[in-house]
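Protein chains in written order, with this note's numbering: chain A, 149 to 430; chain B, 328 to 483.
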């Protein structure tokens, strides 16, 4: 979509960065938001349908494929699919074993889910930016909707709600395992009685709680920021004349293969590290 | 970039996927990996054992070979000894037989000689008497001179 004018470029970018939000608008009632402003006005009680749709679809693709392999898994000579799945599982298992020394059956499957799921969500970034939104608009037009108000963001990890939802789950796990391993008293003591002596307990508490909350925030924003920026570059490249786009989009896409894998890996490793810290007694 | 319900929806989906993964994906695959590791270890172990068995069998075969060679050598030696013995015995027997034949031949010869001597003596006695008769031109009483003739014959 090589548009000459600034306003249409701005509209194009904005359109690509807006989620398909369903919620109760104070003026228009229940329905899909027609603009990002309308989506913002819906407040917290609205849902980004595209993010949920793609992330859940990719998650189901992940568990379906792995379950399919797991059902006919054999300890004899493995097939191609099993080989592929095994290499991922061994990679995750090695990482978990080298970082997480306690005994916990949740951590490794958790790490596997994070790695593969985040990777798949990031991978959507490599689908040419216009394909799915364009098809969705055409489809919506068939059903009588105004294509300009149909949004479709296909990379779930460019939605801060998606990365935030995962990061908050990790925070919940950190708190759960901290309390499970050390008791409520032990956990609060850990927050309040260090790094400074006990008389500075309120200060310590403030410091440690900020530190604790920084973990999910950094997890969520790191992934979101990287993917959002990557997506933005693809959108900007898509504004170039069509015959020049490949000059930039191909190198960026190749570089992005590294980025999406690395971000998935970082999210996974940091989750394992945080949970290992939650199990340790300080 | 609005925070909305999606954040909770995503957390729920995440939870469900992790639980599913924990129940149906992770255990069977890691189980198969562990089992394969065990199988490989067992296979290597079996190969080691087979190699050891082979070495033992080779040693045993070599020992058996050596023993049978020794036995064969002993049998050959014994056979040779026995053959020599048989030859010696045969030789001895032949010698004895030859001696016996020789002795009997000699005895027969002697007997023959004696008989010849006897008959010769008898004929000499007759000849002597005939000679004497001729010389004396008289008949000699054979009976009277028998003793003399006998004596003469014995002296021949």
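Glycine included, every Cβ here is placed at the ideal spot set by N, Cα and C.
Report the residue from the options whose alpha carbon sits nearest the alpha carbon of residue i.
{"i": "residue 362 (chain A)", "options": "A:384, A:322, A:241, A:305", "result": "A:322"}
{"i": "residue 164 (chain A)", "options": "A:210, A:386, A:402, A:407", "result": "A:386"}
{"i": "residue 197 (chain A)", "options": "B:331, B:394, B:375", "result": "B:331"}
{"i": "residue 316 (chain A)", "options": "A:364, A:249, A:235", "result": "A:364"}
{"i": "residue 475 (chain B)", "options": "B:461, B:463, B:456", "result": "B:456"}
{"i": "residue 410 (chain A)", "options": "A:271, A:182, A:191, A:169", "result": "A:271"}
{"i": "residue 309 (chain A)", "options": "A:259, A:203, A:405, A:227", "result": "A:203"}
{"i": "residue 184 (chain A)", "options": "A:370, A:296, A:427, A:332", "result": "A:296"}
{"i": "residue 228 (chain A)", "options": "A:213, A:161, A:380, A:240", "result": "A:213"}
{"i": "residue 293 (chain A)", "options": "A:166, A:408, A:181, A:341", "result": "A:181"}
{"i": "residue 270 (chain B)", "options": "A:162, A:175, A:166, A:200", "result": "An answer regarding residue 270 (chain B) cannot be provided, because it is not within the stretch 328 to 483 covered by chain B."}
{"i": "residue 359 (chain A)", "options": "A:372, A:406, A:343, A:348", "result": "A:343"}
{"i": "residue 473 (chain B)", "options": "B:453, B:363, B:458, B:445", "result": "B:453"}
{"i": "residue 538 (chain B)", "options": "A:161, A:160, A:218", "result": "Summary: the structure shown does not reach residue 538 (chain B), with chain B confined to residues 328 through 483, and so no result is reported for it."}
{"i": "residue 160 (chain A)", "options": "A:384, A:393, A:377, A:318", "result": "A:384"}
Based on the DSSP secondary-structure assignment, which residues constitute the bridge partners of residue i?
{"i": "residue 427 (chain A)", "result": "Answer by DSSP bridge pairing: none, since residue 427 (chain A) is not bridged."}
{"i": "residue 178 (chain A)", "result": "A:172"}
{"i": "residue 196 (chain A)", "result": "A:169"}
Measure how close the beta-carbons of residue i and residue j come, nearest whole angstrom, since I'm counting them as under 8 Å.
{"i": "residue 187 (chain A)", "j": "residue 329 (chain B)", "result": "6 Å"}
{"i": "residue 344 (chain B)", "j": "residue 207 (chain A)", "result": "5 Å"}
{"i": "residue 194 (chain A)", "j": "residue 171 (chain A)", "result": "2 Å"}
{"i": "residue 226 (chain A)", "j": "residue 352 (chain B)", "result": "At roughly 15 Å, the Cβ-Cβ gap does not stay under 8 Å, so residue 226 (chain A) and residue 352 (chain B) are not in contact."}
{"i": "residue 260 (chain A)", "j": "residue 240 (chain A)", "result": "5 Å"}
{"i": "residue 335 (chain A)", "j": "residue 352 (chain A)", "result": "Not really, about 13 Å apart at Cβ, beyond 8 Å."}
{"i": "residue 379 (chain A)", "j": "residue 273 (chain A)", "result": "6 Å"}
Hey, residue i and residue j: beta-carbon distance below 8 Å or not?
{"i": "residue 382 (chain A)", "j": "residue 366 (chain A)", "result": "no"}
{"i": "residue 312 (chain A)", "j": "residue 334 (chain B)", "result": "yes"}
{"i": "residue 395 (chain A)", "j": "residue 299 (chain A)", "result": "no"}
{"i": "residue 237 (chain A)", "j": "residue 356 (chain B)", "result": "yes"}
{"i": "residue 248 (chain A)", "j": "residue 255 (chain A)", "result": "yes"}
{"i": "residue 338 (chain A)", "j": "residue 404 (chain A)", "result": "no"}
{"i": "residue 417 (chain A)", "j": "residue 243 (chain A)", "result": "yes"}
{"i": "residue 305 (chain A)", "j": "residue 269 (chain A)", "result": "yes"}
{"i": "residue 375 (chain A)", "j": "residue 303 (chain A)", "result": "yes"}
{"i": "residue 359 (chain B)", "j": "residue 221 (chain A)", "result": "yes"}
{"i": "residue 347 (chain B)", "j": "residue 275 (chain A)", "result": "no"}
{"i": "residue 414 (chain A)", "j": "residue 370 (chain A)", "result": "yes"}
Give a single yes or no on whether residue i has its beta carbon closer than 7 Å to a heavy atom of the ligand SAH.
{"i": "residue 161 (chain A)", "result": "The model on display carries no ligand, and the ligand SAH is accordingly not part of it."}
Please work out which residues of its chain come closer than 8 Å, Cβ to Cβ, to residue i, disregarding the five sequence neighbours upstream and downstream, and give them in chain order.
{"i": "residue 325 (chain A)", "result": "252, 423, 426, 427"}
{"i": "residue 477 (chain B)", "result": "452"}
{"i": "residue 173 (chain A)", "result": "179, 181, 186, 189, 190"}
{"i": "residue 408 (chain B)", "result": "none"}
{"i": "residue 149 (chain A)", "result": "Note on residue 149 (chain A): pLDDT 41, under 50, position unreliable in the model; the coordinate value appears next. Excluding positions up to five away in sequence, the list reads 160, 278, 386, 387."}
Given residue i, which residues of its chain have a CB within under 6 Å of its CB, disregarding the five upstream and five downstream residues?
{"i": "residue 415 (chain B)", "result": "none"}
{"i": "residue 281 (chain A)", "result": "300"}
{"i": "residue 396 (chain B)", "result": "none"}
By Cβ distance below 7 Å, which residues in the same chain neighbour residue i in space, the five residues on each side in sequence not counted?
{"i": "residue 412 (chain A)", "result": "263, 266, 267, 270"}
{"i": "residue 391 (chain A)", "result": "none"}
{"i": "residue 288 (chain A)", "result": "295, 298"}
{"i": "residue 307 (chain A)", "result": "167, 196, 199, 301"}
{"i": "residue 349 (chain A)", "result": "340, 341"}
Residue i touches chain C at which residues, Cβ-Cβ below 7 Å?
{"i": "residue 256 (chain A)", "result": "Any reference to chain C falls outside this structure, whose protein chains are A and B."}
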